[in-house]
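Undergrad: Counted the way numbering that gives the first Met the number 0 counts, the sequence shown spans residues 0 to 445. Before I ask anything, let me first share the structure, which is written out below as structure tokens.
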Amino acid sequence: MGRNQDLMSRRDAVTPKGAGRFHPLATAASARGAVITDVEGQELIDFAGGIGVVNVGHCDPEVVKAVQEQAAKLTHSCIHVATYEPYIALCEKLVSLFPHGAKTKALLVNTGAEAVENAVKIARQATGRQAVICFTEAFHGRTMMAMTLTSKVGYKVGCGPFAPEVYRLPFPNRSKYGRGLSETDFVERELARFRQALVNTVPAEHVAGVIIEPVQGEGGFTPAPFGYLRGLRALCDEFGIKLIIDEVQTGFGRTGKWAAYEHAGVTPDLSTWAKSMGGGMPISAVIGKAEVMDAAKPGTLGGTYGGNPVSCAAALAAIRSMERLNTNARAEVIGGLIRDRFLTLQKKHPSLIGEVRGLGAMIAMELVHGGDLDRPNTEAATKLMHACWERGLLIVTAGASANIIRTLTPLVITDEQLRRGLDILEESLGVVAGSGAPAARQAAIA
Ligand SMILES: Cc1ncc(COP(=O)(O)O)c(C=O)c1O
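Next up, the structure:
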């Protein structure tokens, strides 16, 4: 038995099936930049980035140094017990990077889901209202409120009852819900739908917040039209609803800006952050207008580990590195190269690739049958993922039908690594489409 298989057998013996996995045999022993080395010593070009966590690259030297130094000084005191400087320094940095109006405050927690939970609690306390509006194809995490807000049934089946006072509208996905409409007409119709929902679904005076991903992550890399985000901002202002923008997957340079909402020129009342903020260490944040954040009563926010000092030091170092390397600009270049290649592949395989879309370096291709977006090709996406792994590329799927191939490469990937990864993807696509040669590792996965 190979070492990958051996580790997976040990995993199967002691961990539950509920913690899913994309690849039957993908393992990681070490990683640098955009390359993971598995337990068999095989190098994998990383197009998954630990699901969007390592924009700054694996084991960024500054992050590693900061973690080591902080771990030797203070690993934990609990922010509720004894205040430590790295927590405050990180919040200072976050509010300067992401101003939410005249005065901004930040709360640190541990995961994206936890940030979402806290954003909802803050919006409720700030408005004295209970309802939350969310969208189809949304993903906001796996804790109970976050899971309620999440759309994909596969992530929540059998886990209910879910939280009450959550209302869902179609995500403004023009390819799916607005075919034949111009973007302007589509946006107008969807904003009218939102306004109508305040009449026929839930009264505005009950709605605390609306939560939206500026580009859906797990949902399949669909950007919300910028005009829709601007319209939503205006509707929230009109009805006293807090606009919560979930930047957990899009944030920290993934789309070519620190925040994806910057593309639309909107400022949320509250926003949620995690993943690439910590450069590989677990940490997340809720950022918001100071008066909204301060509406939460003492004791209603936080937790034992929220804003752990080692994770704070890692986040500060990750942000410093991203600033120094200008990963935002690099994301535009990477995204452009990926999009160009995906569009070329779509021309080659028009019945298999239904759509290429995304923003910045958050690019996806949707695999379908017969070029029809209503006929997801889950099997091809699974096969493609595995064929890529066999050839040394780690890539993951997204979407309610898991038929969307998405790219979340570390933004420090070199041109050569990116080209090699795209070549592997192209070759693997040929195999899936029935015209390629088998890979050396094929036998291992059968
Ligand atoms: C947009 C969005 N929100 C929230 C989450 C949940 O984050 P976590 O897995 O850290 O709880 C995710 C995770 O993929 C996400 O993409």
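We put the beta carbon where it would ideally sit given N, CA and C, even for glycine. Predicted model only: the values in this text are computed from it and were never measured.
1) Determine the DSSP secondary structure at Glu72, reduced to helix, strand or coil.
2) May I have the straight-line CA-CA distance separating Ile394 from Asp37, to the nearest angstrom?
3) Excluding five sequence neighbours on each side, which residues of the same chain lie with their C-beta closer than 8 Å to the C-beta of Thr26?
4) From Ala162 to Met143, what does the alpha carbon distance come to, in whole angstroms?
5) Any heavy atom of ligand 1 closer than 6 Å to the beta-carbon of Thr110?
6) Just how far apart, CA to CA, sit Leu107 and Val285?
7) Hey, how far is the Cα of Gly226 from the Cα of Phe193?
8) In the DSSP assignment, what residue or residues form a beta bridge with Gly287?
9) Between which two residues does the beta strand (DSSP E) holding Ile87 run?
10) When you measure from the CB of Glu378 to every non-hydrogen atom of ligand 1, does any distance come out below 6 Å?
11) Would you report the Cα separation of Gly153 and Ala399, rounded to the nearest angstrom?
12) Between which two residues does the alpha helix (DSSP H) containing Met321 stretch?
13) Indicate whether the contact test is met: 3 or more Cβ pairs, each with one atom in the segment 237 to 254 and one in the segment 77 to 86, closer than 8 Å.
14) Given this structure, state the Cα-to-Cα distance separating Thr235 from Glu187, to the nearest angstrom.
15) What does the Cβ neighbour count give for Leu93, buried or exposed, with the cut at 16 atoms within 10 Å?
16) Val115 to Tyr86, Cα distance in whole Å?
17) Under the three-state reduction of DSSP, which class applies to Ala397: helix, strand or coil?
18) Taking 6 Å as the line, does the beta carbon of Phe193 fall inside it for any heavy atom of ligand 1?
19) Give me the residue from Lys256, Thr299 and Glu365 with the minimum Cα distance to Asn327.
20) How many angstroms separate the CA atom of Pro267 from the CA atom of Arg178?
21) Which one of Gly216, Pro224, Asp339 and Ala317 has the shortest CA to CA distance from Thr396?
22) Where does Ala442 land, buried or exposed, given buried means 16+ other C-beta within 10 angstroms?
23) Measuring straight from C-alpha to C-alpha, what distance separates Ala88 and Leu96?
24) Would you kindly check if the distance between the Cβ of Val62 and the Cβ of Ala233 is under 7 Å?
25) Along the chain, which unbroken stretches of the beta strand (DSSP E) at least 3 residues long are found entirely within the segment 313 to 393?
26) Taking the CB atoms as reference points, tell me whether Ala386 and Ile404 lie closer together than 7 Å.
27) Could you tell me the alpha carbon to alpha carbon distance between Arg128 and Asp45, rounded to whole angstroms?
28) Helix, strand or coil for Thr36? Go by DSSP, reduced to three states.
29) Is DSSP giving Arg173 helix, strand or coil here?
TA: Reading it off the structure:
1) The residue given as residue 72 occupies position 73 in the sequence shown. The sequence shown places Lys at residue 72, not Glu. If DSSP states are grouped into helix, strand and coil, Lys72 belongs with the helices.
2) Working through the sequence shown from its first residue, we reach residue 394 at position 395. Working through the sequence shown from its first residue, we reach residue 37 at position 38. Their Cα atoms are separated by approximately 14 Å.
3) Translated into positions along the sequence shown, residue 26 becomes position 27. Cβ within range, chain order: Arg2, Asn3, Leu6, Met7, Asp37, Val38 and Glu39.
4) By one-based count along the sequence shown, residue 162 stands at place 163. By one-based count along the sequence shown, residue 143 stands at place 144. One C-alpha to the other measures close to 7 Å.
5) Position 111 of the sequence shown, counted from the start, is the residue given in the question as residue 110. Checking the Cβ of Thr110 against ligand 1 gives yes.
6) Along the sequence shown, read from residue 1 onward, the residue named residue 107 stands at position 108. Along the sequence shown, read from residue 1 onward, the residue named residue 285 stands at position 286. C-alpha separation (whole angstroms): 7 Å.
7) Position 227 of the sequence shown, counted from the start, is the residue given in the question as residue 226. Position 194 of the sequence shown, counted from the start, is the residue given in the question as residue 193. Their Cα atoms are separated by approximately 14 Å.
8) Position 288 of the sequence shown, counted from the start, is the residue given in the question as residue 287. Bridge partners of Gly287: Lys104 and Leu269.
9) Here residue 87 refers to the residue found at position 88 when the sequence shown is read from its first residue. Looking at the DSSP string, Ile87 is not in any beta strand (DSSP E); the run it does join, the alpha helix (DSSP H), is Glu84 to Leu96.
10) What you label residue 378 is simply residue 379 of the sequence shown in a count that begins at 1. Glu378 Cβ: outside cutoff for every heavy atom of ligand 1.
11) Sequence index remark: in the sequence shown, residue 153 carries index 154 (1-based). Sequence index remark: in the sequence shown, residue 399 carries index 400 (1-based). Cα-Cα distance, rounded: 8 Å.
12) Stepping through the sequence shown from its first residue, residue 321 is reached at position 322. Segment Pro308 to Leu324, the alpha helix (DSSP H) holding Met321.
13) no
14) Taking the sequence shown and counting its residues from 1, the one referred to as residue 235 is at position 236. Taking the sequence shown and counting its residues from 1, the one referred to as residue 187 is at position 188. The identity of residue 235 in the sequence shown is Cys, whereas the question assumes Thr. Cys235 and Glu187: Cα-Cα distance of roughly 15 Å.
15) In the sequence shown, the residue the question calls residue 93 occupies position 94. Looking at its Cβ environment, which holds 16 or more other Cβ atoms inside 10 Å, Leu93 is buried.
16) The residue given as residue 115 occupies position 116 in the sequence shown. The residue given as residue 86 occupies position 87 in the sequence shown. Val115 and Tyr86: Cα-Cα distance of roughly 19 Å.
17) Along the sequence shown, one-based indexing puts residue 397 at 398. The answer is strand: DSSP assigns Ala397 an E or B state.
18) Within the sequence shown, the letter at position 194 stands for residue 193. It does not: the Cβ of Phe193 is nowhere closer than 6 Å to a heavy atom of ligand 1.
19) Working through the sequence shown from its first residue, we reach residue 327 at position 328. Out of Lys256, Thr299 and Glu365, Lys256 has the C-alpha closest to the C-alpha of Asn327.
20) Start at 1 with the first residue of the sequence shown, and residue 267 comes out as number 268. Start at 1 with the first residue of the sequence shown, and residue 178 comes out as number 179. The straight-line gap from Cα to Cα measures roughly 29 Å.
21) Numbered from 1 along the sequence shown, position 397 holds the residue referred to as residue 396. Of Gly216, Pro224, Asp339 and Ala317, the residue nearest in Cα terms is Gly216.
22) Within the sequence shown, the letter at position 443 stands for residue 442. Because Ala442 sits at a pLDDT of 41, beneath the cut-off of 50, its placement in the model cannot be relied upon, and the point is left open.
23) Against the sequence shown, residue 88 aligns to sequence position 89. Against the sequence shown, residue 96 aligns to sequence position 97. Approximately 12 Å, taken between the alpha carbons.
24) Position 234 of the sequence shown, counting from 1, holds the residue named residue 233. Position 63 of the sequence shown, counting from 1, holds the residue named residue 62. Not a contact, by the Cβ cut-off of 7 Å.
25) 352 to 358, 361 to 368 and 371 to 375
26) As a first step, residue 386 is located in the sequence shown; it is residue number 387 there, counting from the start. As a first step, residue 404 is located in the sequence shown; it is residue number 405 there, counting from the start. In this structure, Ile404 does not lie closer than 7 Å to Ala386 by Cβ.
27) For this step, residue 128 is matched to residue 129 along the sequence shown. For this step, residue 45 is matched to residue 46 along the sequence shown. Near 43 Å, if we compare the C-alpha coordinates of Asp45 and Arg128.
28) Your numbering for residue 36 matches position 37 in the sequence shown. Thr36 falls in the strand class under three-state DSSP.
29) As a position in the sequence shown, residue 173 is number 174, starting the count at 1. The answer is helix: DSSP assigns Arg173 an H, G or I state.
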